[in-house]
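Everything below concerns the one structure shown next.
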Amino acid sequence: MTDLDMDAFDGLPFPRTDLAVRAMRHARRIEDPAIFNHSMRTYLYGRFLGEQEGLRPGRDYDDELLFLGCVLHDAGLSAEGDGDQSFEIDGADLAARFLAGEGVADDRIAVVWDAIALHLCFAVAARKRPEIALVTAGAGYDLGPHGPALPDGYADRVHAVLPRLHAAAALEDAIIGQALAKPQKAPPFSMPGELVRQRTGQVWPTWEQLMSEAPSWNDYDGYHRPG
Numbered sequence: 001m002t003d004l005d006m007d008a009f010d011g012l013p014f015p016r017t018d019l020a021v022r023a024m025r026h027a028r029r030i031e032d033p034a035i036f037n038h039s040m041r042t043y044l045y046g047r048f049l050g051e052q053e054g055l056r057p058g059r060d061y062d063d064e065l066l067f068l069g070c071v072l073h074d075a076g077l078s079a080e081g082d083g084d085q086s087f088e089i090d091g092a093d094l095a096a097r098f099l100a101g102e103g104v105a106d107d108r109i110a111v112v113w114d115a116i117a118l119h120l121c122f123a124v125a126a127r128k129r130p131e132i133a134l135v136t137a138g139a140g141y142d143l144g145p146h147g148p149a150l151p152d153g154y155a156d157r158v159h160a161v162l163p164r165l166h167a168a169a170a171l172e173d174a175i176i177g178q179a180l181a182k183p184q185k186a187p188p189f190s191m192p193g194e195l196v197r198q199r200t201g202q203v204w205p206t207w208e209q210l211m212s213e214a215p216s217w218n219d220y221d222g223y224h225r226p227g
């Protein structure tokens with residue numbers, strides 16, 4: 001599907017720049033269809049949520065950067081993006097390599113890297129510039145549409161062009177599949193780690209157990225809790 005372009009999406013308001021099209025094609029090539037569709041919907045819903053806050057593309061934020069962050073935000077869940085870090089960091093690194101190969105300026109790459117790397121850090125991302133905050137907001141809305149209601153019929157229109165394909169389940173399986181093969185991708189208390197715990201029933205170590213493992217400073221030796 002290398003010839004896929006934005007006209008395939010039935011007039012939905014995606015940016016039409018050459019870079020946006022190449023990034024979309026790249027994501028479509030490497031990602032599972034359910035994850036690709038989720039990433040495209042992330043842009044539409046992020047843009048919608050921005051509009052509810054009075055933010056307009058081209059005036060209040062760089063629309064191309066928002067799209068790049070959205071369409072590439074789960075690239076770390078692809079075989080190409082599956083490195084040794086948590087999937088959002090692997091995805092941010094993969095996106096940075098792709099954009100550098102496209103000749104994108106370092107300062108613009110940095111915005112996309114932050115948008116992808118922070119998209120599981122909801123409270124942090126929300127404090128950042130719109131190109132970062134709206135990636136997290138849009139991704140969350142696509143998986144659980146809490147907040148402003150979409151215009152009547154809009155979700156049906158979006159889903160007709162970008163069907164859900166069991167998005168939440170596909171994302172869960174992709175995250176867990178990577179983590180079972182490479183446990184360092186899902187450390188205790190992280191979101192990937194929690195998904196693995198739920199799937200496998202493994203027991204997390206307590207904070208004290210983690211802190212008491214060698215090498216340690218022995219902070220618990222002789223410590224007596226107040227009260």
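Okay, so the sequence shown: first residue is 1 according to UniProt numbering, each after it adds one. Built from N, CA and C at the ideal position, the CB exists for glycine as well. These figures come from a predicted structure and were not determined experimentally.
What residues are listed by DSSP as bridge partners for residue i?
{"i": "tyrosine 61", "result": "Pro57"}
Do residue j and residue i have their beta-carbon atoms positioned less than 8 Å apart in this structure?
{"i": "alanine 186", "j": "valine 196", "result": "yes"}
{"i": "glycine 91", "j": "glycine 76", "result": "yes"}
{"i": "leucine 44", "j": "leucine 72", "result": "no"}
{"i": "tryptophan 204", "j": "proline 183", "result": "no"}
{"i": "glycine 58", "j": "alanine 137", "result": "no"}
{"i": "arginine 41", "j": "aspartate 142", "result": "yes"}
{"i": "glutamate 88", "j": "leucine 120", "result": "yes"}
{"i": "arginine 22", "j": "glutamate 102", "result": "yes"}
Determine the burial state of residue i: buried for a count of at least 16 other Cβ atoms within 10 Å of its Cβ, exposed for fewer.
{"i": "proline 151", "result": "exposed"}
{"i": "glutamate 53", "result": "exposed"}
{"i": "proline 163", "result": "exposed"}
{"i": "alanine 96", "result": "buried"}
{"i": "alanine 100", "result": "exposed"}
{"i": "asparagine 218", "result": "exposed"}
{"i": "aspartate 63", "result": "buried"}
{"i": "leucine 4", "result": "exposed"}
{"i": "alanine 169", "result": "exposed"}
Using 8 Å for Cβ pairs, my map puts residue i next to residue j. What's the rounded Cβ distance?
{"i": "leucine 19", "j": "leucine 134", "result": "18 Å between Cβ atoms; not a contact."}
{"i": "arginine 25", "j": "phenylalanine 36", "result": "That pair is no contact at about 10 Å."}
{"i": "glycine 31", "j": "aspartate 74", "result": "In the sequence on display, residue 31 carries glutamate and not glycine. About 7 Å; that satisfies the 8 Å criterion."}
Give a yes or no on whether the minimum CB-CB distance between residue i and chain C is below 8 Å.
{"i": "arginine 41", "result": "No chain C appears in the structure shown, which is made up of a single protein chain."}
Return the first residue and the last residue of the alpha helix (DSSP H) that residue i is part of.
{"i": "methionine 191", "result": "191-200"}
{"i": "tryptophan 207", "result": "207-212"}
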